[in-house]
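Single-structure report; data block below.
There are 2 protein chains.
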Amino acid sequence: MYANNIHWSPVEQKVAQSAFEIAYKREVKALIEEVQIQANQINVIEDMWHLHDFLSARRHDIDGKYDYQYSVLIFVFARLVKEGWLQLSELDGLDSDKLGKVSALTRM
Amino acid sequence: MYANNIHWSPVEQKVAQSAFEIAYKREVKALIEEVQIQANQINVIEDMWHLHDFLSARRHDIDGKYDYQYSVLIFVFARLVKEGWLQLSELDGLDSDKLGKVSALTRM
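Just so you know, the protein sequences line up as chains S and B, in that order.
Counting from 1, one number per residue, gives the positions in the first sequence under the working numbering.
Counting from 1, one number per residue, gives the positions in the second sequence under the working numbering.
Structure, rendered in C-alpha cells:
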C-alpha cells in the first residue's frame, strides 16, 4: 500500500500534526520514566551497560519511527496506535479512507 | 617504554590485582552515581540522548582502560593514579623500579 499520492487537506494536516505530537510526547514521557527507573536500580556495571543497550535500541527505534512525511504517515499512525501511543479516536478529522487504512493496518 | 619484559613476582601480582580491582570498583561506583544523577535530571529527550552519548563514551573508555596484562600494567596504573582512581601508596609492594616508572608516567 504505497501512500505517496494521498492528499491531506489543511484540516487533516492539522489533525495529523497534533496526533503525531501527542504520541511522541507520550512515548518520550514513558521512556524517560523507564530510564529513570532502570537507572535507579543499577547495582553492578552490567546493569549500567544494559541501560546503555536499552537506550541505543530505543534511540534507533524512535529516530526511525517518528517520520513526519505524508507519504508514510498512514503507516506511522498505524504503528503508533498498535503500540498504544495513540488512540484511533485522536485521528478524528481525517477522511474515512485514511481512517479505514490506519485501522486495517493496526489489525495486521 | 615497552614493558613486556618486566617480571612480576607472585607478591607483586597480588598487589597489582588488588590495586586494579580497587580502582575499578571506585570508578564503577562513581560512574553509577553519576548516571543516576544524570538520569534523575532528565526533562526532555535531548537530556536522555545526552545520557546515552555519555554512557557510550564511558563504556568505550572503561572497556579499553581496564586491561589486565602485565605488559601494559605500568601504563594502566599510571593512568589510574593520574585520574584519581588509585593512590600511589596502594601500589606499595611493587619493586622500586616499577613504582618509579608509574610515578614518572603520572607526571607526564
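Heads up, the beta-carbon is just placed ideally off N, CA and C, and yes, glycines get one too.
- According to DSSP, ASP92 of chain B shares a beta bridge with B:LEU94.
- The beta carbons of HIS60 of chain S and LEU55 of chain B sit no closer together than 9 Å.
- Using a Cβ-Cβ cut-off of 8 Å, GLN36 of chain B is close to ALA39, ASN40 and ILE42 of chain S, given in chain order.
- If you draw a 10 Å sphere on the C-beta of MET48 of chain B, you find 16 or more other C-beta atoms in it, and that means buried.
- Contact check for GLU21 of chain S against GLY93 of chain S fails: the beta carbons are separated by 9 Å or more.
- A check of alpha carbon separations from LEU86 of chain S across S:TYR68, S:ASN43 and S:LYS25 identifies S:LYS25 as the nearest.
- Interface criterion met: the Cβ of TRP49 of chain B is under 9 Å from a Cβ in chain S.
- When C-beta distances to chain B are compared with 7 Å, every residue of the segment 78-94 of chain S stays at or above that value.
- Between VAL102 of chain B and PHE77 of chain B the beta-carbon gap is near 5 Å, inside 8 Å, which marks them as a contact.
- HIS52 of chain B reaches chain S at HIS52, LEU55, SER56 and ARG59, counting residues in chain order whose Cβ is nearer than 8 Å.
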